[in-house]
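Q:
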Amino acid sequence: MIDSHTHLMHSRFQQEEPPITTPQLISTATAAGVEQMVNIACRRAEWLPSLEVCKAHPEVFMAAGIHPQDVAEEELIHLDELLAVAENQKVVALGETGLDYFYENSPKSQQHTSFHTHLEACVKTGLPAVIHTRDAEEDTVAILKDHPGAQFVLHCFTGTPWLAEQGVAMGGYISFSGILTFKKSQELRDIAASLPRDKVLIETDAPYLAPDPFRGKRNAPHLLPHTCETLAKVWQVSTEEAAKITADNTRRLFSRMAAM
8 MIDSHTHLMH SRFQQEEPPI TTPQLISTAT AAGVEQMVNI ACRRAEWLPS
58 LEVCKAHPEV FMAAGIHPQD VAEEELIHLD ELLAVAENQK VVALGETGLD
108 YFYENSPKSQ QHTSFHTHLE ACVKTGLPAV IHTRDAEEDT VAILKDHPGA
158 QFVLHCFTGT PWLAEQGVAM GGYISFSGIL TFKKSQELRD IAASLPRDKV
208 LIETDAPYLA PDPFRGKRNA PHLLPHTCET LAKVWQVSTE EAAKITADNT
258 RRLFSRMAAM
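Residue numbers for the sequence shown follow the working numbering, so the first one is 8 and each next one is one higher.
Written out as structure tokens, the structure reads:
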């Protein structure tokens with residue numbers, strides 16, 4: 008089982024009493040059957056610390072980028088920065104990038120520029136993009152179509168069937184978080200059932216979006232099996248089979264993971 012998207016170094020873990028260390032998060036996840044995880048470093052200040060964690064823990068990989076909600080606070084990302092960080096073989100993706108029109112933290116124009124830059128870097132490096140999209144489906148698809156060579160995953164998917172269809176039609180992957188387990192998420196489960204199984208990943212997006220029965224509490228990678236169990240029920244397969252399928256998909260998309 009692979010957690011394809013988590014934030015291991017989020018401040019919320021350090022704010023617990025007692026604080027939860029990154030090694031503790033990793034060891035607890037491993038004990039729960041999570042073989043590998045992808046840490047998302049979506050501010051420049053997180054890149055080097057995340058690389059150090061990856062160096063110390065063979066089961067941890069990372070994505071590097073600037074979150075769309077943060078592009079106004081961060082200096083505009085340059086292509087050379089992304090190309091440089093991508094040289095480290097533990098960096099398996101770029102992002103998370105994308106568009107977020109729900110919050111007004113960053114002007115749309117700056118988000119568009121950042122998104123284009125990330126996708127250009129993905130084409131040049133062959134690394135996939137980890138995409139965050141909220142209330143911005145049409146613009147997200149339009150920008151992706153400007154970069155047909157870019158591989159990508161639509162992370163923490165909560166979009167429409169149209170977005171899922173467009174994503175898969177462009178060769179992308181769809182990743183489901185703990186939201187898949189919520190009682191009111193039947194439409195999302197229907198989308199998961201309709202997708203090609205070789206295009207589906209699972210994630211925690213920890214510390215956010217803990218799955219049922221932990222909804223509303225702080226999430227962590229060791230809770231990933233709950234999402235995997237729900238997906239298995241949707242697919243009418245065993246949890247072990249769902250874990251294998253999604254892990255194989257993750258390693259196919261994040262191909263550097265398979266090489267290590």
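Built from N, CA and C at the ideal position, the CB exists for glycine as well.
So, using beta-carbon positions, are residue 269 and residue 210 closer together than 8 Å?
A: Missing from the structure shown is residue 269; the chain here goes from 8 to 267 and no further.
Q: Whole angstroms is fine: what's the gap from residue 164's alpha carbon to residue 261's?
A: Counting from 1 along the sequence shown, the entry for residue 164 is found at position 157. Counting from 1 along the sequence shown, the entry for residue 261 is found at position 254. Cα to Cα, residue 164 sits roughly 18 Å from residue 261.
Q: Assign residue 169 to buried or exposed, taking buried as 16 or more other Cβ atoms, counted over all protein chains shown, within 10 Å of its Cβ.
A: Reading the sequence shown from its first residue, position 162 is the one you call residue 169. By the neighbour-count rule (16 or more Cβ atoms within 10 Å), residue 169 is not buried but exposed.
Q: Count the CB pairs spanning the segment 93-108 and the segment 68-78 that are closer than 8 Å, and state whether there are at least three.
A: Cβ pair count under 8 Å is three or more, so yes.
Q: Taking 8 Å as the cut-off, decide whether the C-beta atoms of residue 121 and residue 104 are in contact.
A: On the sequence shown, residue 121 is found 114 positions in, with the first residue counted as 1. On the sequence shown, residue 104 is found 97 positions in, with the first residue counted as 1. Closer than 8 Å, so yes.
Q: Between 174, 205, 111, which has its C-alpha nearest residue 257's C-alpha?
A: Against the sequence shown, residue 257 aligns to sequence position 250. Nearest of 174, 205, 111 to residue 257, Cα basis: 205.
Q: Buried or exposed: where does residue 83 fall if 16 or more other Cβ atoms within 10 Å of its Cβ makes it buried?
A: Here residue 83 is taken as the residue at index 76 of the sequence shown, counted from 1. Residue 83 is exposed by the Cβ-count criterion.
Q: Is residue 71 helix, strand or coil when you go by DSSP?
A: Within the sequence shown, numbered from 1, the residue matching residue 71 stands at position 64. Residue state, collapsed to three classes: strand.
Q: Give the C-beta separation of residue 108 and residue 142 to the nearest angstrom, bearing in mind that I take them to be a contact with Cβ-Cβ under 8 Å.
A: Taking the first residue of the sequence shown as position 1, residue 108 is located at position 101. Taking the first residue of the sequence shown as position 1, residue 142 is located at position 135. Contact holds; Cβ gap of about 4 Å.
Q: Would you check if the distance between the CB atom of residue 93 and the CB atom of residue 128 is smaller than 8 Å?
A: Start at 1 with the first residue of the sequence shown, and residue 93 comes out as number 86. Start at 1 with the first residue of the sequence shown, and residue 128 comes out as number 121. Taking 8 Å as the Cβ cut-off, residue 93 and residue 128 qualify as a contacting pair.
Q: For my contact list, residue 16 and residue 41 are in at a C-beta cut-off of 8 Å; report their separation, rounded to the angstrom.
A: Start at 1 with the first residue of the sequence shown, and residue 16 comes out as number 9. Start at 1 with the first residue of the sequence shown, and residue 41 comes out as number 34. That pair is no contact at about 17 Å.
Q: Specify, as a first and last residue, the run of the alpha helix (DSSP H) that residue 194 falls within.
A: Stepping through the sequence shown from its first residue, residue 194 is reached at position 187. Looking at the DSSP string, the run of the alpha helix (DSSP H) that includes residue 194 is 193-201.
Q: What distance in whole Å lies between the Cβ atoms of residue 160 and residue 138, which are believed to be in contact at a cut-off of 8 Å?
A: Within the sequence shown, residue 138 is the residue found at index 131, counting from 1. Within the sequence shown, residue 160 is the residue found at index 153, counting from 1. Sure, about 7 Å apart at Cβ, within 8 Å.
Q: Can you give me the Cβ contacts of residue 263 inside the same chain, cut-off strictly under 6 Å, excluding the 5 residues immediately before and after it?
A: Here residue 263 refers to the residue found at position 256 of the sequence shown. Result list for residue 263: 96, 99, in chain order.
Q: Looking only at its own chain, which residues have a Cβ that is under 8 Å from the Cβ of residue 235, when we skip the five neighbours before and after it?
A: On the sequence shown, residue 235 is found 228 positions in, with the first residue counted as 1. 8, 209, 246, 249, 250, 253, listed in sequence order.
Q: Candidates 28, 228, 174, 78: which alpha carbon is nearest residue 112's?
A: Counted from its first residue, the sequence shown places residue 112 at position 105. When only C-alpha atoms are compared, the closest one is 78.
Q: Hey, would you say residue 130 sits closer than 8 Å to residue 199, going by beta carbons?
A: Taking the first residue of the sequence shown as position 1, residue 130 is located at position 123. Taking the first residue of the sequence shown as position 1, residue 199 is located at position 192. Contact flag unset, no.
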